[in-house]
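Chains as they are written, first to last, in the numbering used here: chain A, 1 to 620; chain B, 1001 to 1620.
Note that CB positions come from ideal geometry on N, CA and C, so glycine has one too.
As the structure is a computational prediction, the values presented were derived from the model and not from experiment.
First comes the structure, then the notes that go with it.
Number of protein chains: 2
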Amino acid sequence: MKTQEIKVTFQPSGRTVYVLPGTRMLEAAGRAGIILQTPCGGQGTCGKCRVRVVSGEFTAQNGHAGNISARQVKQGHCLACQATILSAAVIDVPPESMFEHQQQILEFDTGERGGLNPAFSKIFFELPPPSITDTRADLARLRDAVGAVHMAPEFVKMIPGFLRRNGWKGTAVLSDGVLMGLEPGNTARRMFGTAFDIGTTTVVGTLFDLSDGRELAVSSRLNPQIAHGDDVISRIMRVRADAAALDELQDLIIGAVNQIIVAMAQHAGVAVQEIYDITLAGNSTMQQLLCGYDPSALGEVPFIQAFDRAQVISASRLGINANLGAQVYVFSQIGSFVGGDTVSGMLASRLDKWDKPVLLVDIGTNGEIVLAANGQMRATSAAAGPAFEGARITNGMRATAGAIDKVLFKDDVVLNVIGDVKPVGLCGTAVIDAVAELLRTEILDSTGRIQSAGDVPARLPAALRRRLVTAANGETNFLLADAAETGTGEPVYLWQKDVREVQLATGAIRAAIQILLQRSGVAAEDLDAVLLAGAFGNFIRRNNARRIGLLPMIPCKRIRFIGNAASLGAKMALLSSDERRYAEKLAAACEHVDLSLDPEFQNEFAMAMMFPDTSLDHCE
Amino acid sequence: MKTQEIKVTFQPSGRTVYVLPGTRMLEAAGRAGIILQTPCGGQGTCGKCRVRVVSGEFTAQNGHAGNISARQVKQGHCLACQATILSAAVIDVPPESMFEHQQQILEFDTGERGGLNPAFSKIFFELPPPSITDTRADLARLRDAVGAVHMAPEFVKMIPGFLRRNGWKGTAVLSDGVLMGLEPGNTARRMFGTAFDIGTTTVVGTLFDLSDGRELAVSSRLNPQIAHGDDVISRIMRVRADAAALDELQDLIIGAVNQIIVAMAQHAGVAVQEIYDITLAGNSTMQQLLCGYDPSALGEVPFIQAFDRAQVISASRLGINANLGAQVYVFSQIGSFVGGDTVSGMLASRLDKWDKPVLLVDIGTNGEIVLAANGQMRATSAAAGPAFEGARITNGMRATAGAIDKVLFKDDVVLNVIGDVKPVGLCGTAVIDAVAELLRTEILDSTGRIQSAGDVPARLPAALRRRLVTAANGETNFLLADAAETGTGEPVYLWQKDVREVQLATGAIRAAIQILLQRSGVAAEDLDAVLLAGAFGNFIRRNNARRIGLLPMIPCKRIRFIGNAASLGAKMALLSSDERRYAEKLAAACEHVDLSLDPEFQNEFAMAMMFPDTSLDHCE
């Protein structure tokens, strides 16, 4: 897959990502950590996400809302939400299109934010050489100047020679009172670090200048472990089947991390040896595989993590390409499948600082849900399955060119397709849209059954009714695109059994949310906010997610997209040790609610398989 | 040299040492850490050091004081101070002959002694297996049982597999809240440690059971670095000449340490993997060579140590044969040539607990002197040269068979020779004796000139007068043994130039003591005690050492032999972390007085070259 990826660089930040041709520009920007203004929800109606393509091929469905001029189109302007990238491209992002994402997140901060306080520091020193009136030991002389409390024996060994060769001058690298390195000359200003979001599918790194907190580069790669399975369970099972696979999977992810580090370092004109600190957030399986900790116990009841508290590991021990003294900080984990990415997201969203109940939801193959209410945090995870990623849906696919990503019912079905191509299949957001619209039109009943053409309400437009096709097994499926309209020459349906998959996926998330609410004695309507984190959360249509029961039936304005909170948390932890302590405090304070064999959950799950029967169905 | 060494085992302790044939039994016992009663100073007059040779050849000059019966002699009894060992031997030490050495040292203790509180501890744990109601992470489960605050990533990696393979049971090895190892089954009672005294000449190790503080074995070896020179300076110069020699010298000393560990472990029925903790005291050069820290800067003005604070190094990193998680504790150093052995001796003698001024003196090639007075400790070292070890003395030799070790002037010279052989040369104690007697008889004047036969006092016995032989260069030398009386057929003299060597050696020590007394505003007569540490200190005759000016002119009873204080301190630090902290506190509180280029010292040194002109010359 990697060879198909194309390089997309965003100006002026210089952030670079690798994506598949046909990826929506908005998504590519998001993967580069650039969140654009999308008050219309990426519908192409507000015109706020305008960018300019400096070089590269793309397709765009601009101007149907009349908010971009012909002259602008000629100059390469387009709406990122309506454009897809076809080849390697350079894209200019004007400041007015930027969503002040970090700022929005950080405004949750109630003043405890540590600012720039990295774990590593550098001190340039010039020592008085020894003399007959000053016979301090070499270590004492250095310590008196740089204040390191601990010097590891391997450095002590170097110190006498270093000081004499370099005229008693140099730069000390320190971490938390420990000497981590000695460098000739004054290199105090050259100190860099990287924050990583290690996803099951995608790995994103960001390079920072730790001397001033500036972000220098972003780079991402597919997680090469994908060759061993799409989801965490298949990778765990791989290790359970063959113990040697642990090293192999670790090597793959370390390899991707190293590629990203090298790419970012080259882009920013930084030597990899100048990278001292690395933070890393991922789900528990990704974190354990990266650390080389056997994840086998995550593959069977009762799903046990190897570690809970944050791990600090020498980068060189892990084989990560960085300074010899560099350290890797791996986030704390809460329990079972509530891992470091959730903790990192809790950090970024300051989950304990909200006065009123707040729910953090990250929807993926595995949904992680954290409820903060009444001074207590509870976290759980629910196996949603891959339906929202387009898998296990008969005509499902990832959100790339040819994917229907939006479905709207008017007199007939209105589809949006990624890329200027004929539709090939459905991605996760379109599945949610379609199910929501089917519910609204009462084609789908609350048990999840698609009515046959004869049973639907009489007021249903004829064009929609004609799309109901009852198969030989008696099940009715909904035709979204005729064979003649598609790129494959095969029709695209939402099948009855796809609806069952959606019921399972939403049911699991909804039941998990329900249990957390019950345990905390909070009603859904008391939620001050539902924070949607993760890639999927940012493309979902809130009213539709609510309609199918994936999210609680609260006013849409309380459902907030917070982008890639895990990645943001990793960055915050890179820039400040205080943030690390804060994240560790959050993880330790959060109760893990294990639903895997909870009979109460089984009950809620059964009930949540029914779609909500509700009249409150417009987004406030 | 090693092949010539013979094995001597002392009963009932089972302590074993390797010595050269002809070594005095008293010295061999001392090297095994067994200090015998010697109220007469090893003169063979008190009969308190009686031992019984169970097997092995020896010579003894017993009974000339009539304190051992013929029947006892037949049974193998002898006085250790008068006997020399000729072959591998087993020697029984009756309890009444033991000097309660440790007890005497430790009575200085004012109550702060930590008792048994080793740095390592072991906890046997039985964990509840994970269940759906207890999904703690593996680390949390273990931590909750054993309380380790820190688990190094390399152990975290092992933990999931270890716990599952061993049915959630095992023994955790902990050091200061850090997990250092995991062992199957209950091994909590199997925890051993070794204390080492790393001398320039000799390496002595002692094996302890850390679970109850029992001493299990003692073993010693010559320091194999001797092949690269007798003294520290020649070894430093070796490294300065060839950087690769650092590794070579480190390998040699580590090799000796490993041999000693293996020998002790075999003797005590302990596996080397059951040794977790190692303490090690040596002079600064020995400590640095063992740690692999370049000692080159100790080889030139202003004589700089690599480190000051105690070093803790992984045994496996050093290549020391012990448990994989074992650590080596290397004592703090004070400055230049005041190293870890001095700190260890300060610890053993509780130097800061004395109410009145006290002087700690360790005389060797390098003399280390510490004065504690008025709440302040000051330490210095003086290069005495090898005169006291018999080197640079024309007919000098080490204290082995054939060495004259005692000289007494009556009507004629009375000599004591080690072993039942003809004399071959002089060892250090005899040099001091001879010079002291020459001063008493006024054959030697205070400038250090041996008078010619014509210039000596008329009352001098004729036999002594006849021994004054004036050479062609006008210098007069003193004949100790005629060619006909010696083992070599060559006469043994104390030469005029030997006296000059003694003047240099004693002058350096005396001037150093003088400077410390001056800096502290203390007069010599105010000294409550002079504590003589080290091997040489234990064989010296106090009144003679005083007469030649090596020690201050204070009553002999205030001059106390404290045996191998460095070794004792290393043992105390092995048995208790509190002792380590105490030693570190002592080292940090002690001021280093550097005399190397101090003009005041040069002045004192010049004055101290004159022998004291004193009438107070009998040992009270």
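Query                                                                                                                           : Result
Reduced DSSP secondary structure (H/G/I, E/B, other) of residue 1173 (chain B)                                                  : strand
Cα-Cα separation between residue 107 (chain A) and residue 92 (chain A), rounded to whole angstroms                             : Bear in mind that the predicted position of residue 107 (chain A) carries a pLDDT of just 32, short of 50, making it too unreliable to give a figure here.
CA-to-CA distance, residue 1143 (chain B) to residue 1292 (chain B), given in whole angstroms                                   : 35 Å
Same chain, Cβ closer than 8 Å to residue 493 (chain A), five either side skipped, listed in chain order                        : 394, 395, 469, 477, 478, 479 and 480
Where the alpha helix (DSSP H) containing residue 1255 (chain B) begins and where it ends                                       : 1244-1268
Any C-beta of chain A under 8 Å from that of residue 1596 (chain B)                                                             : yes
Own chain partners of residue 1524 (chain B) with C-beta closer than 7 Å, once the 5 adjacent residues on each side are dropped : 1517, 1552, 1553 and 1554
Reference residue 1080 (chain B); option with closest CA among B:1035, B:1124 and B:1069                                        : B:1035
Buried versus exposed, by CB contacts within 10 Å (16 or more), residue 322 (chain A)                                           : buried
Of the residues B:1414, B:1528, B:1459 and B:1432, the one placed nearest residue 1502 (chain B), counting alpha carbons only   : B:1432
Closer than 8 Å at the beta carbon, the chain B residues around residue 336 (chain A)                                           : 1135
Alpha-carbon spacing of residue 104 (chain A) relative to residue 557 (chain A), whole angstroms                                : Reliability of the predicted coordinates at residue 104 (chain A) is poor, the pLDDT of 34 falling under 50, and no value is obtained from them.
Short Cβ contact (8 Å threshold) for residue 1210 (chain B) with residue 1180 (chain B)                                         : no
Contacting positions in the region 293-326 of chain A - beta carbon closer than 9 Å to chain B                                  : 293, 294, 295, 296, 297, 301, 302, 303, 304, 305, 306, 307, 308, 309, 311, 312, 313, 314, 317 and 318
CA nearest to the CA of residue 530 (chain A), picked from A:133, A:521 and A:542                                               : A:542
Contacting residues, own chain, Cβ-Cβ under 6 Å from residue 1114 (chain B) (five flanking each side not counted)               : With a pLDDT of only 43 at residue 1114 (chain B), under the threshold of 50, the placement of this residue in the model should not be trusted; the figure read from the coordinates follows. Contacts found: 1576, 1578 and 1579.
Enclosing alpha helix (DSSP H) for residue 291 (chain A) [first to last residue]                                                : 284-291
At least three beta-carbon pairs within less than 8 Å, the region 283-290 of chain A to the region 196-205 of chain A           : yes
Rounded separation between residue 1504 (chain B) and residue 1442 (chain B) - CA only                                          : 20 Å
Backbone CA spacing between residue 1574 (chain B) and residue 1325 (chain B) [nearest angstrom]                                : 16 Å
Sequence ranges, beta strand (DSSP E) only - wholly within the region 330-377 of chain A, length at least 3                     : 358-362 and 366-373
Inter-residue CB distance, residue 440 (chain A) and residue 591 (chain A) (contact presumed, cutoff 8 Å)                       : No, residue 440 (chain A) and residue 591 (chain A) are not in contact; Cβ-Cβ is about 37 Å, not under 8 Å.
Integer-rounded CB distance, given that residue 1411 (chain B) should sit under 8 Å from residue 1453 (chain B)                 : About 16 Å; that fails the 8 Å criterion.
The region 228-244 of chain A in contact with the region 202-219 of chain A per 3-pair CB rule at 8 Å                           : no
Short Cβ contact (8 Å threshold) for residue 1020 (chain B) with residue 1005 (chain B)                                         : yes
When B:1597, B:1604, B:1234 and B:1570 are compared against residue 1205 (chain B), the one with the closest alpha-carbon       : B:1570
Residue-chain proximity (residue 1140 (chain B), chain A), Cβ-Cβ < 8 Å                                                          : yes
Closest by C-alpha distance to residue 1158 (chain B), when choosing among A:296, A:77 and A:437                                : A:296
Within chain A, partners of residue 1585 (chain B) - CB distance below 7 Å                                                      : Here the premise fails: no neighbours, minimum Cβ distance about 16 Å.
Chain B within 8 Å of residue 624 (chain A), Cβ atoms only                                                                      : Residue 624 (chain A) falls outside the range modelled here, since chain A spans only 1 to 620, and no answer is possible.
Residue 1587 (chain B) vs residue 1343 (chain B) beta-carbon contact at 8 Å                                                     : yes
Segment contact flag, the region 1415-1430 of chain B with the region 1482-1499 of chain B, C-beta cutoff 8 Å, min 3 pairs      : yes
CB contact below 8 Å: residue 1590 (chain B) versus chain A                                                                     : no
Given 8 Å, three or more beta-carbon pairs between the region 294-308 of chain A and the region 349-363 of chain A              : no
Classification of residue 1606 (chain B) by the beta-carbon crowding that lies within 10 angstroms, buried from 16 upward       : exposed
Among B:1367, B:1098 and B:1076, the one whose alpha carbon lies nearest that of residue 1089 (chain B)                         : B:1076
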